[in-house]
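Using the numbering used here, the first residue of the sequence shown is number 1135, and each one after it goes up by one.
All remarks here apply to the structure that follows.
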Amino acid sequence: MSNDANDSPLVAERREKLAAIRARGVAFPNDWKPTHNAFDLHRVHGAKGAEELEAHPAHARVAGRMMLKRVMGKACFATLQDGSGRIQLYITADAIGAGALAEFKHWDLGDIVGAEGALFKTRTGELTIKAATIRLLTKSLRPLPDKFHGVADQELKYRERHIDLITDDSARARFVARSKTVASIRNFMLEHGFLEVETPMLHPIPGGANAKPFSTHHNALDQQMFLRIAPELYLKRLVVGGFERVFEINRSFRNEGLSVRHNPEYTMLEFYAAYWNHVDVMAYTESLIRHAARVAAGSATLTYQGRAVDLDPPFARLPIRDAILLHVPRLGEGIDDADVLARALKALGKEAPQHWGVTQLQFALFEECVEDKLWAPTFIVDHPVEVSPLARASDTDPRKTERFELYVTGREIANGFSELNDAEDQAARFAAQAASRSAGDEDAMHYDADFIRALEVGMPPTGGCGVGIDRLVMLLTDAASIRDVILFPALRAQRVSGA
């Protein structure tokens, strides 16, 4: 029985067909075991000629979704799509019987079918299975989109990803590339002596980044909990505990806006290495990104949205101040003048707080004017202490930290630094963040006394980095939106008709 009052006539017709199938016996059999897939059949037999296949018959047993169907009297052609590709079937009354052929003619596009038979080549040279047996395994009740156009509605592609994957080869390829990216990163980390770990998703105190968390309530503990915004503080506890190289690939959550580069639930790689500093971490991150590109995309020389991106040469390293002068040269000597910087921000519609110093104003101007211009891979360095509460301060300029952000195609891909391992300095930074929260900054960090106690045990000099997997996959697959590389992105709840 339908659960949808708005079922189309086509759906109603398919439900009637299913009812008739149920009346004849088992409607959804689960005893069909395919032994071949489309990709391997084409790989092994695709280059063989018709005569060779006839002289040395090859047998195949497959299953997949019927994507094309041509009925021609006593013979039919159909195309099955499995997880590896497509293969054509040739179905005749002589081979499967007139009754079975008559049943097949009532099957619909989208039905999942099993077929078994010998391979041959058609007159046009297409590798085809001449079916000796054919079975309906799953009746599809909802028609697929037009076979020539796939899913045209972009929101529908995100909302009904299963349809997108069925009808769009490029969507499937994108998510295969995502899987390869994650696997390549994991293997790279393991090969370099890192230990993979898992840390909590539910935190009693949100920390590890400046962001607004999702909050929930733990009934058994009767306390407020937060979905993690970063695993950083737990991973650094592990370094304190003696695991000198650790990494985690997992989800983090930020209760913030949606855009082509932001999703509230996203995947991060975070790694930490004892006795590394930010320079070591930059070099390693560069090698990691380049390695992932070669494995997942086949090359470190890419094209993104019609423009070349070359990950092969050494990545540029640019202080924030120099980056501003490069892209906003009109500032000139005003680059170090707080009043000039504040006026420049105001002209862009951003009012700077009066207590901001030169480095904070520079950072704000960088975000407004420079980020989206950093197309080639570029490490931006010399971040202000005020916006880097977990990073070690520079020995040469205490206003700045040993921190970097990696930008490619105008997007931040990674963020790393020499970790702050001075417990007293970290306590003072947390206190400053807590004061900012009290003054109304919802993104400022909480004071985490447990983490301070861990640092007081002693953490060795350590470097760490977080890499945004989703944005990296966007780059490697030429995807314009983060929603294109997340299987089920966050969407506004769909209003149910009649509700």
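We put the beta carbon where it would ideally sit given N, CA and C, even for glycine.
Are the CB atoms of residue j and residue i within a distance shorter than 8 Å?
{"i": "Asp1604", "j": "Asn1397", "result": "yes"}
{"i": "Ile1454", "j": "Gln1494", "result": "no"}
{"i": "Gly1391", "j": "Ala1364", "result": "no"}
{"i": "Ala1227", "j": "Ile1268", "result": "no"}
{"i": "Arg1641", "j": "Asp1280", "result": "This structure cannot settle anything about residue 1641, because the visible part of the chain is limited to 1135 through 1633."}
{"i": "Gln1567", "j": "Leu1589", "result": "no"}
{"i": "Leu1625", "j": "Tyr1292", "result": "yes"}
{"i": "Leu1436", "j": "Leu1610", "result": "yes"}
{"i": "Ile1246", "j": "Arg1199", "result": "yes"}
{"i": "Ile1225", "j": "Ala1236", "result": "no"}
{"i": "Met1335", "j": "Leu1361", "result": "yes"}
{"i": "Leu1290", "j": "Gly1244", "result": "no"}
{"i": "Ser1205", "j": "Lys1314", "result": "Residue identity differs from the one stated: residue 1205 is Val in this sequence, not Ser. Going by C-beta atoms, Val1205 is not nearer than 8 Å to Lys1314."}
{"i": "Asp1216", "j": "Ala1172", "result": "yes"}
{"i": "Glu1260", "j": "Gln1222", "result": "yes"}
{"i": "Val1160", "j": "Val1374", "result": "no"}
{"i": "Val1519", "j": "Thr1530", "result": "no"}
{"i": "Val1619", "j": "Arg1177", "result": "no"}
Let me confirm a value: residue i is counted as buried when at least 16 other C-beta atoms fall within 10 Å, else exposed. Which label applies?
{"i": "Ala1485", "result": "As written in the sequence, residue 1485 is Glu, which differs from the Ala given in the question. The residue in question, Glu1485, is exposed, as its Cβ has fewer than 16 Cβ neighbours within 10 Å."}
{"i": "Phe1381", "result": "buried"}
{"i": "Ala1184", "result": "exposed"}
{"i": "Ser1136", "result": "Any reading at Ser1136 is ruled out, since the residue's pLDDT is 44, under 50, leaving its predicted position unreliable."}
{"i": "Pro1463", "result": "exposed"}
{"i": "Lys1507", "result": "exposed"}
{"i": "Pro1347", "result": "buried"}
{"i": "Phe1162", "result": "exposed"}
{"i": "Pro1240", "result": "First, the amino acid is wrong: residue 1240 is His here, not Pro. By the neighbour-count rule (16 or more Cβ atoms within 10 Å), His1240 is not buried but exposed."}
{"i": "Ser1274", "result": "buried"}
{"i": "Ser1433", "result": "exposed"}
{"i": "Glu1186", "result": "exposed"}
{"i": "His1296", "result": "exposed"}
{"i": "Arg1385", "result": "exposed"}
{"i": "Leu1324", "result": "exposed"}
{"i": "Leu1460", "result": "exposed"}
Which same chain residues end up closer than 7 Å to residue i when comparing Cβ atoms and leaving out the 5 residues on each side of it in sequence?
{"i": "Trp1166", "result": "Ala1197, Gly1248, Arg1269, Leu1271"}
{"i": "Ser1615", "result": "Val1394"}
{"i": "Ala1627", "result": "none"}
{"i": "His1669", "result": "The structure shown does not extend to residue 1669, since the chain is modelled only from 1135 to 1633, so the question has no answer here."}
{"i": "Ala1345", "result": "Ile1363, Arg1388, Glu1390, Asp1577"}
{"i": "Arg1545", "result": "Arg1395, Arg1605"}
{"i": "Thr1256", "result": "Thr1262"}
Suppose the cutoff is 6 Å on Cβ atoms and the five residues either side in sequence are ignored; what does the same chain contact list for residue i look like?
{"i": "Arg1537", "result": "His1517, Ser1522, Ala1525, Phe1551"}
{"i": "Arg1306", "result": "Leu1299"}
{"i": "Ala1548", "result": "Thr1419, Leu1540, Cys1599, Val1601"}
{"i": "Gly1219", "result": "Ala1172, Phe1173"}
{"i": "Thr1169", "result": "Arg1195"}
{"i": "Leu1422", "result": "Phe1322"}
{"i": "Cys1210", "result": "Ile1225"}
Kindly list the residues whose CB is nearer than 8 Å to the CB of residue i, restricted to its own chain and excluding five residues on each side of it in sequence; keep chain order.
{"i": "Phe1500", "result": "Ile1454, Ala1457, Ile1458, Ile1514"}
{"i": "His1351", "result": "Gln1357, Gln1358, Met1359"}
{"i": "Ile1586", "result": "Ala1557, Gln1560, Ala1561, Phe1564"}
Return the Cβ separation of residue i and residue j in integer angstroms, given the expectation that the two are a contact with Cβ distance under 8 Å.
{"i": "Arg1276", "j": "Val1145", "result": "6 Å"}
{"i": "Val1492", "j": "Ala1472", "result": "5 Å"}
{"i": "Val1474", "j": "Gly1468", "result": "3 Å"}
{"i": "Ile1339", "j": "Asp1582", "result": "5 Å"}
* At least three beta-carbon pairs within less than 8 Å, the region 1250–1261 to the region 1174–1193 -> yes
* To do: Answer yes if the region 1405–1421 comes into contact with the region 1594–1601, meaning at least three C-beta pairs across the two stretches below 8 Å, and no otherwise.
  => yes
* Give a yes or no on contact between the region 1440–1451 and the region 1506–1524, applying the rule of three or more CB pairs nearer than 8 Å. => yes
* Sufficient close CB pairs (3 or more, under 8 Å) joining the region 1366–1381 to the region 1399–1406 -> yes
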